[in-house]
């Protein structure tokens, strides 16, 4: 179960990395702001397996003098799945105007496995600088650097860029280029627009856009496009449902709470 939850999280976060190749104009963000919290229930078969939260801090944070949103994504196992113990935190400081990351981090606790990482992005020189910490997250044990594409997104920031985009001109089957940086690697994936759908959730009924990433061949997910995400067609552009088809069963992620939305 640990492998399934972690792999789903990685796949979903890669899905959110929807940066265009050359982001020449300023982004117009009308979708989110400080203080927003989205909470999701993650189920495996008929069991409530985990809870996930996406949180934008109430304060503006500054990285090298530049104003940023501090955004955290949390995930933890619930009920009987606590036997497998997953408690993860991905985070990003993203420019409030350009919606690009200046710093990202991961704190992973899964069973006996630990990983603590901080990445600083230098978009001017197109470099990412990674610091890997020890198990207790007390000292730096390794430093790495990697060239990155212009305006690359990290595993959290890209989803918030996606929320600023205009989907009105998309036709079913259209693809969006994905450029992101994760685990010291640059990724270039494709996101397919699957059309629209009306769905009911714990927080209301919504018209939604459906997207799915084309996944490389692997031993966890079933099919070429095993993941679908439903994003509201209103001004908030929040994800309300995600489904991943596994070789054994499926994982469903549904929204249960939305607080601090920019547009009510």
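Numbering (the working numbering), first residue to last: 2 to 265. In this text, a Cβ means the ideal position worked out from N, Cα and C, and glycines have one as well. Every value quoted in this text rests on a predicted model; they were computed, and no experiment measured them.
Leaving out five residues on either side along the sequence, give the residues of the same chain with a beta carbon under 8 Å from the beta carbon of residue 234. Closer than 8 Å at Cβ, skipping near neighbours: 168, 197, 207, 208, 209 and 210.
Residues in its own chain within less than 8 Å of residue 28 by CB, not counting five upstream and five downstream? Counting only Cβ-Cβ distances below 8 Å, and skipping sequence neighbours, we find 98, 99, 100, 162 and 165.
Run through DSSP, which three-state label would residue 171 get? Of the three classes helix, strand and coil, the one that applies to residue 171 here is coil, per DSSP.
For residue 32, collect the residues of the same chain with a Cβ closer than 7 Å to its Cβ; drop the 5 residues on either side in sequence, then sort them by chain order. Same-chain partners within the cutoff: 164, 165, 236, 237, 238 and 263.
Can you find the residues in the same chain that come closer than 8 Å, C-beta to C-beta, to residue 22, ignoring five residues on each side of it along the sequence? Below a pLDDT of 50, predicted positions are generally treated as unreliable, and residue 22, at 37, falls in that range; no measurement from the model is reported.
Any idea what DSSP makes of residue 24, helix, strand or coil? Low local confidence applies: a pLDDT of 42 at residue 24 is under 50, so the model's placement there is unreliable, and no value is given.
DSSP on residue 159, reduced to helix/strand/coil? In the three-state reduction of the DSSP assignment, residue 159 falls in the helix class, which pools H, G and I.
C-alpha distance - residue 108 paired with residue 205, whole-angstrom precision: If I take the Cα positions, the gap works out to 33 Å.
Given a cut-off of 9 Å on the beta-carbon distance, is the pair residue 72 and residue 261 in contact? Contact flag unset, no.
Alpha carbons only, please: which of 258, 255 and 185 is nearest the one belonging to residue 143? By alpha-carbon distance to residue 143, the top candidate from 258, 255 and 185 is 185.
Just checking my contact of residue 51 with residue 78 at CB under 8 Å: how many whole Å lie between their CB atoms? 5 Å between Cβ atoms; contact.
Enumerate in chain order the residues of its own chain whose CB-to-CB distance from residue 88 is below 6 Å, with the five nearest sequence positions on each side excluded. When the five nearest sequence neighbours on each side are left out, the beta carbons in the same chain lying within less than 6 Å of the beta carbon of residue 88 are those of 77 and 110, in order along the chain.
Taking all protein chains shown into account, do 16 or more other C-beta atoms lie within 10 angstroms of the C-beta of residue 128, making it buried, or fewer, making it exposed? The C-beta of residue 128 has fewer than 16 other C-beta atoms within 10 Å across all chains shown, which makes the residue exposed.
Would you grab the beta carbon distance between residue 195 and residue 173 for me? Rounded to a whole angstrom, and I think it's under 8 Å. Residue 173 and residue 195 do touch by the CB rule: their CB atoms are close to 7 Å apart, below 8 Å.
What separation, rounded to the nearest whole angstrom, lies between the Cα atoms of residue 55 and residue 75? Roughly 7 Å between the two C-alpha positions.
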